[in-house]
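Going by our numbering, 1962 is the number at position 970 of the sequence shown; the sequence numbering is gapless. Using N, Cα and C, we set each Cβ at its ideal position, and we do this for glycine too. In this text the structure is predicted, and so the values were computed from the model without any measurement. Read through the structure below, which is laid out as structure tokens, and then see the notes.
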Amino acid sequence: MTTNFKKLPYDPTKLPRELKKYYISSSKEEQGEMLKALGAKELKDLFSHIPDNVKFDKAPFVTEELGYNDLIAHMEALAAKNNLKTCFIGDGLKNYKVQDIVPYVCDLRGLTTAYTPYQPERSQGTLQTLWIYSSTLSMLTGFEAINASFYERSTALYEAIQTATRLVKGSNTALVCESLYPGDIEVLKTQAKETGLNIITVPTDKDTGITNRDTLHKMATDLGEKLACIVFPQVNNYGNLEDVHSLTDLCSELQVQSIAIFDPMLLATEGLIQPSEFGSQKQGANMIVGEGQHLAIGPNFGGPGLGIFGIRYNDKNKNDIRQTAGRFVGRARDINGKDALCMVLSTREQHIRREKATSNICSNQSFVASAAGAAILARGEDGMTEAALAGRDYALQMAQILTQYKGVNLAFPSTPFYNEFVLELPVKVKDLQAKASKANIQLGVDVSNRLHDGRNLLLLSFFDVHNDEDLEKLENFFAENFEAEENDEFLPEIPEDFLRTTPVGLPNLDVEEIKSFYKKLADLNVSPDDNIYPLGSCTMKYNPYINDWAAGLKGFTDVHPQAPIEDVQGSLEVLYEIQEMFKSITGLPAVTTQPVAGAQGELVGLKLFQGYHRNNGEADTRNIVLIPRSAHGTNPATATMAGFETKTVDGVQYGIVIIEADNRGHINFDQLKAEVAKYNTRIAGVMVTNPNTSGLFETSFKEMADLIHGVGGLVYMDGANMNAIAGWIDLNKMGVDAVHNNLHKTWTIPHGGGGPGDGIVAVSHRLVDYLPGIQVVKKGNFFDVEKAPKSIGSFHRHVGNFAHKVRAYTYIKALGGNGVRDMSGVAVLAARYLYERLKPIYPSLPENCENETRMHEFILTISKETFERIEKGGTPKAQAIAKIGKLFLDFGLHAPTVAFPEVYGLMIEPTESYSKAELDRFVEVVKAINGLINETPHVLTTAPHFTPVKKVDEVDANKNLTFMEDLKHLPHLYHNIIEPTVLSNMNIKEICVEIQKAHQKCVEA
């Protein structure tokens, strides 16, 4: 048979899981054996305990199922529907050359498919890539602490503003310059609603195109102690350079936080001044926020992005960082004194502090950050300068040339710019853009409506992706449409104190050396490609190669999110089809594709609830959210972030009310009924994970939903565990009003070492009119965009993580409705099979629920006697479960989820990706671990034994915080003592012997 495989950069016939039907490794015969072991005959039997009135009558259609060969052709045809033209669009998203290192690093599966580095001993590869990212950004910006990234610029900015309100006591207001990108401001206003945070915008001076300091000063002084911060860009949305020194000085004078928005590419040597030296005294901004997507990848129709956040951490200021959100990577040592890395300051995060966390964010853009760090190294000191100056030189050339035409002038002739500028035109911008489109040019951005001064304003942007031929094309277009007229005006010069005066100091390295280094980093991690990745609640399944190939097609990667709608029909078709797919999968009538993470999906859900109640005149009275105790930490953190502050005022409870579990591990329905009776019409809604975090399906969900709807509340279902029910359970029948789907869990988006994730939200009829972002609609054969009539706003500067929609779309096209059903059915089968085989050996949690029917995951623990043996062996009870998790690393595996949701639990989720033989070996590994901890429990004191570093001292790392180093060369690496792939193929008894030998060696050292 003729195939399209030669078009691929990999050979799918050499990848054992890639060509399996629905990417399910177990054969029908193996599935039959596992079903028999459970006393079942077919997958359908695994769902027999769930009420029929919430099930689909048959497998939902979802989409036409395509074979591998047809899928290749289909995705190529879709990408070709986008028109790639000579593009001078920048504005909300810049566009630089993608370095050769980036696709190479994006093919390193040990990095792309790995989980968040909660197990530092097995995650040094990911941690090193994030260390390089934060260190290079620190060198560019002068800021000592750069976090591991946020979703994108606008959400990073919101987190920075919230940090400012915590630092400036008694404050609740941010002054935001209107010269920021408008999409960012919309996100700020959307998230701030109902929270008590006030976002006030400062108008841009119509003559200068920058912020007027006197206007800002008056607005700031009028606010008095309520003012937390002033937010200003270095390069604004007209391309103009704001007076960052004057604005920083004003913040210092008023004793409020200064938050500067910057473009990292422009901070290269010979570029713009670094934010650490803003101000007349070079005191620097307090916090910085930027977009870093263009450091690594192309526009990708807007995402995944890379939200850069930095804060000062030095001898003068060591406490502000503790009020921030997000992850930081810090330097550490292992128990033998070896240098290592780990995540630090985690006690601020949602999985620990729940409703008291600084944010609900639990993922970052880890892999984009990793790619960005690699790209900065590949460019090096010289290449970064070359890229920055290329855009600058092109902009100067074209500003000089284009203003030689009649009626074409610089809109702000006295204000300096860098690589973007605005022209005032004698004709309507959109008319000129339409002509340009016919000449195969995407002619910048129409910014005429931003200043409301009646002028026709065109923003043109220039980057290193352009060349002389592009500039000539642009010049010729203007020559054809305007009459030449000599203009002697000089271009405004950039003041010297706006420019960088010191080198960044990046190393100039050979790209092959960098490739070799990153390959070694990938080998320090483990991947779901190679073995079961048993993290409960994380759905670490196989990520098909074809998904990444499709997302990397040039028609998708190179299209700008602000390109004309007729040029992005391929991208819009993907979004439209994704909407339709998830309507079918969930049974719900509408979908928003904008959210970029599960946690953001939750936030969207609660903001939708608020919008609905606000429309019904109940915004102030609906102030209670019910959440089960077993919920993900994001749920209570999300409720707080949305504005449901938990407090008691004059004896009256507000915010979150916790619902406990009953003796079956389900929601305590008696308590629920009592709370509903008590709070009644004050209830905004309930947030429930189903199946819950114990792996149990909430069989009374429909009754709960009816109860909540009966008092006018709404029902949010956390869809983190959709891998257990997709294709079987109709969420509309269950009474769900909003649900997010984690594309990086159920729908095979690679975890990337902590992100980017994705979180599509589907809604009931009650919330259709309130959806955020855009809705893609089909008009004949044309795809258009609309806003919902009562839209709550936006949660992303553009349309979300588009490249991830391509990946999920590609996956679902390979499944169709039957494949979706098989996917979740086999996932449940695998988990239940493991549970039945391990249940006789390990006790399970919740206590006394061992006979409750598990779905896709389950929680094991150890007996009282085993705890006692472990304590006698030298490991305190409080550390026992975490230490057992380290033993899994010794068998070439990642650890299960430890101590969540049960403190003394190991949560295991095998997914549908693995064969029966792999599941059986996993059982033998877990049995062997049971033998070790009972017979030789002292080995826990030195676990893990074969990783590149031994147990990392995370306590010391948090006491002695270091967030970066000046990189002069590539960091030194330690290597695996025994490679995970070797361990995976070793005899299990032999591994146990090696563990005991390694322990003895550690003791004697």
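With a threshold of 16 other CB atoms inside 10 Å of the CB of residue i, please say whether the residue is buried or exposed.
i, result
"residue 994", "exposed"
"residue 1909", "exposed"
"residue 1319", "buried"
"residue 2049", "Outside the displayed range of the chain (993 to 1997) lies residue 2049, so it cannot be described from this structure."
"residue 1402", "buried"
"residue 1621", "exposed"
"residue 1235", "buried"
"residue 1482", "exposed"
"residue 1036", "exposed"
"residue 1774", "exposed"
"residue 1843", "exposed"
"residue 1303", "buried"
"residue 1923", "exposed"
"residue 1086", "buried"
"residue 1448", "buried"
"residue 1239", "buried"
Please determine, among the options, the residue with the shortest C-alpha to C-alpha distance to residue i.
i, options, result
"residue 1551", "1433, 1584, 1648 and 1141", "1433"
"residue 1269", "1860, 1132 and 1402", "1132"
"residue 1187", "1144, 1308, 1043 and 1612", "1612"
"residue 1249", "1067, 1214, 1570 and 1312", "1312"
"residue 1857", "1921, 1907 and 1925", "1925"
"residue 1316", "1152, 1859 and 1788", "1152"
"residue 1150", "1517, 1056, 1024 and 1253", "1253"
"residue 1991", "1929, 1117 and 1675", "1929"
"residue 1596", "1666, 1886, 1852 and 1708", "1708"
"residue 1346", "1746, 1546 and 1637", "1637"
"residue 1913", "1283, 1580, 1524 and 1760", "1524"
"residue 1653", "1623, 1002 and 1675", "1623"
"residue 978", "1260, 1459, 1747 and 1180", "Lying outside 993 to 1997, the shown extent of the chain, residue 978 is not represented and no answer is given."
"residue 1459", "1862, 1428, 1047 and 1383", "1383"
"residue 1414", "1440, 1089 and 1429", "1440"
Quick test of your reading: residue i and residue j, contact by CB under 8 Å. State the CB separation rounded to the nearest angstrom.
i, j, result
"residue 1243", "residue 1203", "Actually they do not touch by this definition, with Cβ atoms about 12 Å apart."
"residue 1321", "residue 1119", "6 Å"
"residue 1094", "residue 1380", "Not really, about 18 Å apart at Cβ, beyond 8 Å."
"residue 1487", "residue 1407", "The pair is not a contact, with the Cβ atoms about 11 Å apart (cut-off 8 Å)."
State the Cα-Cα distance for the pair residue i and residue j, rounded to the nearest angstrom.
i, j, result
"residue 1278", "residue 1904", "48 Å"
"residue 1156", "residue 1189", "11 Å"
"residue 1543", "residue 1766", "21 Å"
"residue 1198", "residue 1206", "14 Å"
"residue 1701", "residue 1573", "27 Å"
"residue 1332", "residue 1038", "45 Å"
"residue 1806", "residue 1356", "28 Å"
"residue 965", "residue 1079", "The chain is shown only over 993 to 1997; residue 965 falls outside these bounds and no answer can be derived."
"residue 1091", "residue 1113", "30 Å"
"residue 1548", "residue 1531", "27 Å"
"residue 1632", "residue 1385", "48 Å"
"residue 970", "residue 1940", "The first residue shown for the chain is 993 and the last is 1997, placing residue 970 beyond what the model contains."
"residue 1616", "residue 1664", "13 Å"
"residue 1538", "residue 1722", "29 Å"
"residue 1855", "residue 1834", "7 Å"
"residue 1667", "residue 1703", "12 Å"
"residue 1478", "residue 1429", "27 Å"
Spell out whether any CB of chain B is found under 8 Å from the CB atom of residue i.
i, result
"residue 1914", "Included in the structure is just one protein chain, with no chain B present."
- Are three or more beta carbon pairs between the segment 1228-1235 and the segment 1167-1177 nearer than 8 Å? Judged by pairs of C-beta atoms under 8 Å, the segment 1228-1235 touches the segment 1167-1177, as three or more such pairs exist.
- Task: Taking 8 Å as the threshold, find out whether the segment 1042-1052 comes into contact with the segment 1942-1956 through three or more Cβ pairs.
- Result: no
- Give a yes or no on contact between the segment 1371-1383 and the segment 1488-1500, applying the rule of three or more CB pairs nearer than 8 Å. yes
- Query: Taking three-plus beta-carbon pairs below 8 Å as touching, is the segment 1694-1711 in contact with the segment 1672-1680?
  - Reply: yes
- If you pair each beta-carbon of the segment 1931-1940 with each one of the segment 1862-1878, do three or more pairs fall below 8 Å? yes
- Item | Cβ pair count under 8 Å reaching 3, the segment 1512-1519 against the segment 1097-1113 | yes
- Message: If contact is defined by three or more beta carbon pairs under 8 Å, each pair taking one atom from either stretch, is the segment 1597-1608 in contact with the segment 1798-1805?
- Response: no
- Report yes or no: do three or more beta-carbon pairs, one from the segment 1779-1791 and one from the segment 1570-1590, lie closer than 8 Å? Between the segment 1779-1791 and the segment 1570-1590, the count of C-beta pairs closer than 8 Å reaches three or more; the two stretches touch.
- May I ask you to verify whether the segment 1972-1988 touches the segment 1140-1150, counting CB pairs closer than 8 Å and requiring at least 3? no
- Task: Evaluate contact between the segment 1070-1079 and the segment 1552-1559, counting only Cβ atoms and requiring at least three cross-stretch pairs below 8 Å.
- Result: yes
- Item | Contact between the segment 1814-1823 and the segment 1712-1720 (3+ Cβ pairs under 8 Å) | Contact between the segment 1814-1823 and the segment 1712-1720 is present, because at least three Cβ pairs lie under 8 Å.
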